[in-house]
Every structure is written in C-alpha cells, then in structure tokens.
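Numbering (our numbering), first residue to last: 1 to 279.
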C-alpha cells in the first residue's frame, strides 16, 4: 500500500512538473495557461531538451571559467569564490534531477497518456483519481470477500471434522460386521467340508450298489436281498442231521419254483419294497 502511495506521489510530482505549477517561471517570465497545455508529443520533446540542458551544465561551468580568466587575471581563491556558487548549483541540479529519475518518470507518464488517448494533464489526473478510488473500493471488497471466505472455510472445516468422526464410527461398525462375517464364513466352510465328506461317502456307496446292475434296489439290504427266515428254521432239529438237511434243500427248491421261476433274491426285494412302503 505504501509503495502505491509513493508511486502516486511521484506521478503527481511529475504531473506538476509537466503542468508547470512548480516551475512556472522561466527566465523571469510566467507561462500562460495556453502555453502550459501542450500536446503529448510536444511534452516529450520538452523533457528530452531539459535532460540535455542539465547534461550541458559542465560545459557552462567551463565556459564561465574561461571567460573570467580572459577578462582579468585573478588568484585561485578569487576564482573559487566566483565559480563556487555555480558549481554548487550544478551539483544540486544533478542530484535533484537524478532523484526524480531524470526523464524516466515523465516518459512513462507520456506513454500512459498515449495509451489512454489523453491530451492534457488534467485528464490524466482525473484518471489517476478514479483509479485510486476504484483501487480502494476493490481493496475493501476484497477484504470483505476474504472475511466471507474465512467464515466459509471455518464452517467447512467443522463440517469435514464431523464427517470424519462419522466415517470413523462407520469404519468400526464395518470392522465388527466383517469379523462376524468371517466367523460365519469359517463355520460355513466347516459345514461344507462335512457335507463334502458325506457326499463322497454316499457316492462310494452308490458306486458299490451300481455294481449289482440295478438302480432301484432296496436301500436296507443294499441290493443283496432280504433273507426271510421262516419259523421252521428256528425249530430244533428232532430228526437226524442228514434227514434235516434233505428237508431244508427240498424246501429251498420249492421256494425257487414259486412265482414264475423268480429267484429268492427277487422275491425278497419285492418284500423289502412292501415293508418300506408300509413303513
């Protein structure tokens, strides 16, 4: 902000110099208003000529010394007394001209006037005042916007912190559910292994049953056929052993002839189906 104010002051000083308010007298005569209000190109030429005039101060000093010596002879002390004020004025003129940047500032101002299509210093001064007011207004608006952004940032920060806490709580719940799901998966894996072993066992049993060539055989007897014992088999043999064996063989033959020459196994299988159906 201080840099901007210093730059504005320098511009105003240059404008005053260009306007002729500070150096209104030249060789004992004042410039009129019409003479001071010149064009931009003419002002550029004036500043260039002024810079050249300042550069010729050394030559003026030398000419004064030469003319003084040619008119009359004087001592060194007398010459220093006469030339001293001129030398001091030259040095001060150089220093002050260097302080204002020689002709850099005026030339910069003239470039600005050409860019803005301005012809007079008053127009340039009005433009600078408007720019200064707009700069202050924009700075004030920028500060208000900054305060609003700061308030919004704090509110957004609080909202994000609350959201972070919610996410942390959700994370803990998800971890708990995941552990529970892992235990359930482990139990299901064990159950699946048991079922797999049972399936393998049943598959082996089914393969063994298929070796008998029947797919709809009795489940209880495994396709072998029930051997139904009659009550006569549990009786004690009262006859000799040889005679009892003949009776058992004859009874077995009579079993084989019944039912259209069906085997004992077939008839036993049908009996098993009847028993299972009754159950």
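The beta carbon of each residue, even a glycine, is placed where N, CA and C say it ideally should be.
Quantities reported herein were computed from a predicted structural model and do not represent experimental measurements.
Of the other Cβ atoms in all chains shown, 16 or more fall within 10 Å of the Cβ of residue 121; this residue is therefore buried.
Under the 8 angstroms Cβ criterion, the region 111-128 does not count as touching the region 79-92, having fewer than three qualifying pairs. When secondary structure is reduced to three states using DSSP, residue 143 falls in the helix class. For the 8 angstroms CB-CB criterion, residue 57 and residue 90 form a contact. Residue 177 and residue 143 have their alpha carbons spaced roughly 51 angstroms apart. Here DSSP, grouped into helix, strand and coil, assigns residue 188 to helix. Scanning its chain for C-beta atoms nearer than 8 angstroms, with the 5 sequence neighbours on each side dropped, one finds around residue 87 the residues 61, in chain order. In summary, residue 85 is exposed, with fewer than 16 beta-carbon neighbours lying within 10 Å of its beta-carbon over all protein chains present.
Inclusion of residue 65 and residue 93 in the CB contact set at 8 angstroms is not warranted, their separation being larger than that value. Distance from the CA atom of residue 123 to the CA atom of residue 147, rounded to whole angstroms, is 36 angstroms. A residue is called buried once 16 or more other Cβ atoms fall within 10 Å of its Cβ, and residue 152, having fewer, is exposed.
Distance from the CA atom of residue 59 to the CA atom of residue 104, rounded to whole angstroms, is 23 angstroms. Distance from the CA atom of residue 208 to the CA atom of residue 185, rounded to whole angstroms, is 34 angstroms. In this structure, the straight-line span from the alpha carbon of residue 183 to that of residue 175 is close to 12 angstroms. Here the alpha carbon of residue 155 sits roughly 14 angstroms from the alpha carbon of residue 164.
Taking residue 118 as the centre and dropping the five residues before and after it, the same chain places the C-beta of 124 closer than 6 angstroms to its C-beta, in chain order. Cβ-Cβ distances below 7 angstroms link residue 97 to 54 in the same chain, with the five nearest sequence neighbours on each side left out; the list follows chain order. Residue 173 and residue 160 have their alpha carbons spaced roughly 20 angstroms apart.
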